[in-house]
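With our numbering, the residue at position 303 of the sequence shown is 316, and numbering never jumps.
What follows is a set of notes on a single structure, which appears directly below.
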Amino acid sequence: MHDGNPYQSLVSLLSNFLEAYTTAFFIVDSKSRQLHLAASQTLSRHLPQVVSLPLEQSGILAQVQKIGQTIHLEKLPEVTATLTATVPFYREGESHIKGLFAVPVGDGAGVLYVDTKYGWGFNDKQQKWIKEVAGVLHEIMQIDEQLTQQENLTRIFEFWRRLDEAAFGDVAPEDYCTMVVNECAQLLGTEYGFLALREADKPHYHLFASTPNTPRNLMNQSFPIKEGLAGWLFRNRKPLLVARLNPDTPDHFVFSAGEGLPHQGTLWALPSQMALGHTLGLLLLSRYPMEWSPDYQSAVSHLLHFFNLYLGKSTFQEEYEHLKAYDLTTSLLNPRTFEGRVDSTLTLSMQDSTPFTLALLQIEPWRIISTRVSPKVTRRWQREVASAMCEELSTAVMVSLVAENRFGFLFPEVTFQDARHQLSRLVERAREYFTAKLKGVRVHASIGAVSYPQDGTRTEELWPLAYRRLYSSLPSRE
């Protein structure tokens with residue numbers, strides 16, 4: 014037997030003390046309805062080292078386990094011809110057993126079996142020893158179960174602790190999603206894990222996080238909910254446990270046919286309803302059939318609920334940050350955020366010795382707008398001209414609504430000479446837009462721009478200079 018077996022030393026001690034031919038301790042697996050050999054010592058060449066017997070077909074052991082009473086057979090020559098039916102863990106060829114004694118361990122938890130070839134059965138003192146050892150084995154079983162449960166709870170506690178610390182730490186949401194699926198797969202011992210999302214009432218879903226071994230093509234496509242086991246999950250919004258996938262069954266694929274995933278293990282899929290009608294799915298896939306304790310299943314189920322709340326919090330946090338950072342009318346950066354971006358760009362430029370350009374664009378005469386249209390229309394015009402100017406720029410350029418009629422532009426790693434053409438196009442787009450809106454009014458779009466490091470190395474120098482250049486280019490008031 015393997016090292017660390019908590020039952021082996023006691024079974025060996027009993028066997029040596031009784032001079033038994035075979036002493037074997039079997040534990041009942043109630044889920045599979047089998048008896049597993051937990052420890053043994055034998056002189057037989059016909060007893061395998063690993064034994065698992067169907068409980069209903071385990072002869073005398075089944076009787077002891079079912080009835081819960083001791084069985085003592087002595088003077089057995091007449092049953093040796095059918096010994097393998099009485100004691101089915103012996104292979105063909107065993108004979109000359111003279112007596113056997115089998116006693117239940119615990120309340121149907123196991124069976125302790127002893128036989129002999131040296132005498133006709135066991136005397137009263139020997140029977141007492143066997144029963145006492147059975148009692149000690151039961152105590153060891155209980156302690157072993159408690160230790161196993163404690164180890165499981167410790168693993169679950171560490172699982173929760175890591176995820177909890179990351180959720181309230183500095184881990185980015187996308188990294189946390191990957192961490193969640195990896196931690197769940199490690200806790201349950203599955204090779205694959207996936208997080209999927211179906212938006213409200215959409216006929217498809219997509220993966221947004223997975224374990225690293227996931228085929229890359231699965232992360233870059235949408236899957237219809239009418240196909241696959243994951244599709245069943247999103248259609249029915251109920252947990253799904255397939256204990257043993259059948260690779261010969263056409264519909265036993267997870268996402269799509271030919272997906273490159275194993276189809277002979279266990280799949281466990283859990284749904285979770287999110288805000289706005291979205292559905293979140295956690296799927297865990299193993300290469301081989303697996304079973305998990307209720308504690309592990311409960312830990313993963315609760316984690317999915319917590320993760321759902323985390324995603325909701327992250328969504329609201331993003332919305333909050335957006336409200337703090339962006340102008341509600343145009344969705345451009347608001348003045349305070351834009352000023353912060355200028356400061357951070359200056360710091361990076363100083364570290365990397367790269368240039369940047371800061372520009373201000375002002376539209377005049379803005380005061381006429383309020384005498385011609387309502388504030389609602391003014392806001393729509395601001396939004397439309399902002400969109401028109403942003404079409405001229407790359408996504409690297411930061412744009413802000415600095416004032417009602419003033420826009421700010423920040424070009425990272427770009428000199429004024431390189432930004433000049435884009436700034437000219439911005440002026441043209443702004444002038445064209447408002448000329449079309451304000452018939453009979455001569456519209457001006459003026460620019461004031463500065464560059465780092467040519468025009469200054471501190472924001473205290475760059476901002477005032479940009480405004481001076483802007484004001485000097487504005488048309489003089491009549």
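By construction, the Cβ of each residue, glycine as well, lies at the ideal position given by its N, Cα and C atoms.
Within the same chain, 220, 268, 272 come within 7 Å of residue 231 by CB-CB distance, once the 5 residues on both sides are set aside.
Around residue 235, the same chain offers 217, 219 as residues with beta carbons nearer than 6 Å, after the five sequence neighbours per side are excluded. Annotated three-state conformation of residue 375 is strand, per DSSP. The alpha helix (DSSP H) runs of length 4 or more contained entirely in the segment 223-280 are, from start to end of the chain, 241-249.
Nearest C-alpha to residue 476 among 370, 299, 302, 224: 370.
Annotated three-state conformation of residue 448 is helix, per DSSP. Residue pairing of residue 471 in beta bridges, as defined by DSSP: absent, with no partner found. Counting C-beta atoms within 10 angstroms of its own C-beta, residue 284 has 16 or more neighbours from the protein chains shown and is therefore classed as buried. In this structure residue 100 does not touch residue 147 by the C-beta definition: roughly 18 Å separates them, more than the 8 Å allowed.
Within its own chain, the residues whose Cβ lies closer than 7 Å to the Cβ of residue 240, once the five positions on either side in sequence are excluded, are 269, listed in chain order. Per DSSP, reduced to three states, the secondary structure at residue 325 is helical. In this structure, the straight-line span from the alpha carbon of residue 83 to that of residue 178 is close to 54 Å. With a contact defined as Cβ atoms closer than 8 Å, residue 354 and residue 296 miss out at about 40 Å. Of 389, 212, 259, the smallest CA-CA separation from residue 274 is found for 259. Counting C-beta pairs closer than 8 Å gives fewer than three between the segment 170-189 and the segment 63-80, which falls short of the contact rule. Annotation: residue 28 to residue 280 spans about 44 Å, alpha carbon to alpha carbon.
In the DSSP annotation of this structure, the continuous segment of the beta strand (DSSP E) that includes residue 411 starts and ends at 411-416. Residues 85, 127, 135, 143 of the same chain have their beta carbon placed closer than 6 Å to that of residue 114, with the five preceding and five following residues left out of the count.
Put simply, of 58, 53, 21, 75 the residue whose alpha carbon is nearest the alpha carbon of residue 42 is 75.
Residue 38 and residue 302 have their alpha carbons spaced roughly 26 Å apart.
Taking 7 Å as the cut-off, the Cβ atoms of residue 316 and residue 483 do not count as close. Here residue 367 carries a coil assignment [DSSP, helix/strand/coil]. Within a 10 Å sphere around the beta-carbon of residue 306 sit fewer than 16 other beta-carbons, which makes this residue exposed. Between the C-alpha atoms of residue 447 and residue 386 there is a straight-line separation of about 13 Å. Note: residue 209 is bridge-paired with 220, 294 in the DSSP secondary-structure output.
With contact defined as three or more Cβ pairs closer than 8 Å, the segment 396-404 and the segment 453-463 are not in contact.
For residue 376 against residue 462, the beta-carbon gap comes to about 16 Å, at or over 8 Å, which does not count as contact.
Unbroken alpha helix (DSSP H) stretches of 4 residues or longer found wholly inside the segment 146-214: 186-201, given in chain order.
In this chain, the alpha helix (DSSP H) harbouring residue 393 covers 388-403. Judged by DSSP secondary structure, residue 102 falls outside any beta strand (DSSP E); it is assigned neither H nor E. When the alpha-carbon of residue 322 is set against those of 112, 442, 180, the nearest one is in 180.
Here residue 463 carries a strand assignment [DSSP, helix/strand/coil]. Contact annotation, residue 278 with residue 209: C-beta distance approximately 19 Å; criterion of less than 8 Å not satisfied. For residue 352, the three-state secondary structure derived from DSSP is helix.
Taking C-beta atoms under 8 Å as the contact rule, residue 124 and residue 48 qualify, at a distance of about 7 Å. Check the Cα spacing between residue 108 and each of 120, 116, 129: the tightest is with 129.
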